[in-house]
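**Q**
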Amino acid sequence: VSLNPSGKYLLVNNIDLKGQNYTNSTPLGFVLKTNVGAEIIPFTGEFISFGSKISNFTLTVQNSQKDINADAGVIVVSGLFPYVQNAIISGVILENVSAVISTSASGSNVVCDIGSGALIGTALEGNTIVNNVHVDITFNKSSTSVIDYPVYIGDIVAIGIVNVSISSSTSTVEYSNITGITNDTLNV
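The numbering used here puts the first residue of the sequence shown at 6, with every later residue one more than the last.
1) Note down, one range per segment and in chain order, each beta strand (DSSP E) of at least 3 residues found wholly within the stretch 96-180.
2) Return the first residue and the last residue of the beta strand (DSSP E) that N61 is part of.
3) Grouping DSSP H, G and I as helix and E and B as strand, with all else coil, what is I45?
4) Ends of the beta strand (DSSP E) at L22?
5) Is the distance from the Cβ of Q90 to the Cβ of P47 below 7 Å?
6) By Cβ distance, which residues of its chain are closer than 8 Å to N132, with the 5 residues on each side in sequence left out?
7) Between the alpha carbons of S176 and D141, how many angstroms are there, rounded?
8) What are the boundary residues of the beta strand (DSSP E) that L15 is part of?
9) Going by the DSSP bridge assignment, what does V89 pair with across the sheet?
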């Protein structure tokens, strides 16, 4: 999907990813923007399913400069589609998704805003349509340190909900494992 983000896709079978972990990337091949110079390539196409599932995967979002060379001011937010703009997503079921917020605030690391949604990380300006989508996501953290910048989490969309029309969709979200992760704002 990432090789043709304006394409039209039809999911006709269940996909069990068997616990695979995607660090700053997604099962659809998208890579998160982790530095100021990186280009954002949003999904602008159509992704339709008639009830088929994508299940059993983890989205790990890291912001440590040593690990991904993140720059201050960058928002690193994941989702099956990290960035969307004027896309159509319908009928998709995301089951047993886990998002791990992996962060540190040690002296040599440059920190940035961080987070994840199950389906969409960031909805860019426009009107993305989401219909009949069902998500099941659990948020976890991999560090005990408390950070001083925002963390964005969302069931269907983490950032940019005003740019998305959602209908006939449901979600189950477990985020108690990350409460206390930030001194600033936990955007739910």
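Note that the Cβ used here is the ideal one computed from N, Cα and C, for glycine as well.
Small disclaimer: the values here were computed from a predicted structure and weren't measured.
**A** Inspection of the coordinates gives the following:
1) 98-107, 118-122, 125-128, 133-136, 139-146, 156-159, 162-164, 169-172, 175-179
2) Working through the sequence shown from its first residue, we reach residue 61 at position 56. Run containing N61: 58-67, per the beta strand (DSSP E) assignment.
3) Taking the sequence shown and counting its residues from 1, one reaches residue 45 at position 40. Note: I45 maps to coil in three-state DSSP.
4) Mapped onto the sequence shown, residue 22 falls at position 17. Its beta strand (DSSP E) spans residues 20-28.
5) Your numbering for residue 90 matches position 85 in the sequence shown. Your numbering for residue 47 matches position 42 in the sequence shown. For Q90 and P47, yes; Cβs fall inside 7 Å.
6) Locating residue 132 in the sequence shown gives position 127, counting from the first residue. Excluding sequence neighbours, N132 sits near N91, N168, V169, S170.
7) To locate residue 176, count along the sequence shown from 1; it is residue 171. To locate residue 141, count along the sequence shown from 1; it is residue 136. Roughly 6 Å separates the two Cα atoms.
8) In the sequence shown, residue 15 corresponds to position 10, counting from 1. 13-16 is the extent of the beta strand (DSSP E) around L15.
9) Position 84 of the sequence shown, counted from the start, is the residue given in the question as residue 89. Answer is F48, A128.
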